[in-house]
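Student:
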Amino acid sequence: MDRIKILVTGGAGYIGSHAVVELYEAGFQPVIIDNFVNSQESALRGVEEILGVKVPFHRIDCNDLEAMRAVFAEEGSLRGVIHFAAYKAVGESVQKPLEYYQNNVGSLLTLLQVMREFGVEALVFSSSCTVYGVPDALPVTEQTPTKKANSPYGATKQMCEDILRDVAAAPDASLRTILLRYFNPIGAHPSAKIGELPLGVPQNLIPYVTQTAAGIREKLTIYGNTYDTPDGTNIRDYVHVVDLAKAHVVAVQRLLDAQAERVETFNVGTGRGNSVLEVVQAFERATGQKLNYVIGPPRAGDVPAIYADVTKSTQELHFQTTSTLEEALSSAWKWQLSLGA
Ligand code: UFG
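Residues 1 to 341 in the UniProt record's numbering are what the sequence shown lists, from first letter to last.
#1: With respect to 7 Å, is the separation between the Cβ of residue 299 and the closest non-hydrogen atom of the ligand UFG below this value?
#2: Please classify residue 334: does DSSP put it in a helix, a strand, or coil?
#3: Does the Cβ-Cβ distance between residue 131 and residue 141 come in under 8 Å?
#4: Put residue 122 into one of helix, strand or coil per three-state DSSP.
#5: Determine, using beta carbons only, whether residue 222 and residue 277 come nearer to each other than 8 Å.
#6: Would you decide whether residue 219 is buried or exposed? Buried here means 16 or more other CB atoms lie within 10 Å of its CB.
#7: Looking only at its own chain, which residues have a Cβ that is under 8 Å from the Cβ of residue 258, when we skip the five neighbours before and after it?
#8: Would you check if the distance between the CB atom of residue 71 and the CB atom of residue 24 is smaller than 8 Å?
#9: Can you tell me which of 20, 38, 109 and 207 puts its alpha carbon nearest to the alpha carbon of residue 402?
#10: Between 302, 239, 268 and 202, which lies nearest to residue 226 when the distance is taken from Cα to Cα?
#11: Measuring alpha carbon to alpha carbon, tell me which of 124, 305 and 86 ends up nearest residue 106.
#12: Suppose the cutoff is 6 Å on Cβ atoms and the five residues either side in sequence are ignored; what does the same chain contact list for residue 46 look like?
#13: Give the straight-line distance between the Cα atoms of residue 123 and residue 289, rounded to the nearest whole angstrom.
#14: Can you say whether residue 53 is buried or exposed, counting buried as having 16 or more other CB atoms within 10 angstroms of its CB?
#15: May I ask which residues mark the beginning and end of the alpha helix (DSSP H) holding residue 18?
#16: Any idea if residue 371 is buried or exposed, counting beta-carbon neighbours within 10 angstroms, 16 or more meaning buried?
#17: Measuring CA to CA, which of 298, 279 and 300 is closest to residue 291?
#18: Do you know whose CA, among 1, 3, 43 and 29, lies nearest residue 10's CA?
#19: Three or more C-beta pairs closer than 8 Å, one from the stretch 112 to 121 and one from the stretch 73 to 90: is that the case here?
#20: Do you know whose CA, among 274, 178 and 284, lies nearest residue 253's CA?
#21: For residue 248, does the three-state DSSP call read helix, strand or coil?
#22: Take residue 49 as the anchor and find which of 59, 229 and 17 has the nearest alpha-carbon.
#23: In this structure, does DSSP put residue 280 in helix, strand or coil?
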């Protein structure tokens, strides 16, 4: 039987490449588009080594309407789309707001236009817990009101969610969409053939930790230890990227089975909050590496604490966390070592 074709925008990126692997292993035929602005071709080789097959790939920008039309026409029978492609650095978005709005909002509009033209109805969208801003109470559920975003990046995710809700609610709409609000994805595929590949100095905690342990960075700076949390450092919900990738497969299936409402929103996290210091200690325990770190000033825009209520995703998406923080960190370390540290 022919595999059902799913377009994966940003399929060479960190989460995208893991989702491509899970989709294929679940029996789907992923088709990747990526323009490599924040990803590398080596991810496609990693995917191929894991799966033992080449995944169809188109090097295009999702903002390029004609190129997008050409891909939909050439692929013929796309049944759904997972839209990962976006800029994702909170700090950079403050420096380059126009680029963020243009790329993140613009690419979604282009994609929706082409999906409508070609009658493709199912869309899984990469949203973020950043839409909750600084929450009043923890954990956050999908009903927790969203607040003004702390950055243009966060604002693009809120705007994209609004656009999707409006488009799906139009009387003649055919779109059905699942918004996945990711918490903090970490770790790498157990094969260590794909993982997070930050360009330049990492902005995110885990690649900074692994590069420090590998001797590429001198020391980790923990951004503040006087927050109103038990040990004073920020609390986040760190979810294994393979678990997160699997949530996309279930979401796609749910849309194709037409079980879903027109728009559904799910938190994808573990339901556990861990502080930065706990992450450092867990990394040391999991890998036997001693980590050089100092406490620095707080980073602008950081939310003191956020973690997910995952009741809805557990019940309705059957989402499960299969690995502990230590296991996720140890897979990140294995990936770092595979890069030839
Ligand atoms: N941190 C450090 N030192 C570092 C890097 C990070 O102490 O060198 C701390 C941060 O202050 C924060 C925690 O580690 O408390 C996690 O920081 P990340 O940058 O890894 O992740 P964020 O929680 O800031 O951001 C992530 C995603 C964003 C997303 C956001 C939603 O990277 O895309 O979650 O809250 F928008």
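Note that the Cβ used here is the ideal one computed from N, Cα and C, for glycine as well.
Tutor: Working from what's here:
#1: Distances taken from the Cβ of residue 299 to the heavy atoms of the ligand UFG include one shorter than 7 Å.
#2: Residue 334 falls in the helix class under three-state DSSP.
#3: Not in contact: residue 131 and residue 141 (Cβ atoms no closer than 8 Å).
#4: Three-state result, residue 122: strand.
#5: Contact: yes.
#6: Per the 10 Å Cβ criterion, exposed.
#7: Sequence-distant partners of residue 258 (beyond 5 residues in either direction) whose C-beta falls short of 8 Å from its own C-beta, in its chain, are 176.
#8: For the pair residue 71 and residue 24, the CB atoms are not nearer than the 8 Å cut-off.
#9: For residue 402 there is no data in the structure shown, the boundaries of the chain being 1 and 341.
#10: Looking from the CA of residue 226, the closest CA among 302, 239, 268 and 202 belongs to 302.
#11: Considering only alpha carbons, the answer is 86.
#12: 193 and 194.
#13: The alpha-carbon atoms of residue 123 and residue 289 are separated by roughly 41 Å.
#14: Looking at its Cβ environment, which holds fewer than 16 other Cβ atoms inside 10 Å, residue 53 is exposed.
#15: Residue 18 -> alpha helix (DSSP H) spans 14 to 25.
#16: Because the chain is modelled from 1 through 341, residue 371 falls outside the range shown and cannot be assessed.
#17: Nearest option by C-alpha distance: 279.
#18: Closest in C-alpha terms to residue 10, from the list 1, 3, 43 and 29, comes 43.
#19: Flag = yes, the stretch 112 to 121 and the stretch 73 to 90 touch.
#20: Checking every option, the nearest Cα to that of residue 253 belongs to 178.
#21: Collapsing the DSSP output to three states places residue 248 in a helix.
#22: Among 59, 229 and 17, the Cα nearest to that of residue 49 is on 17.
#23: Collapsing the DSSP output to three states places residue 280 in a helix.
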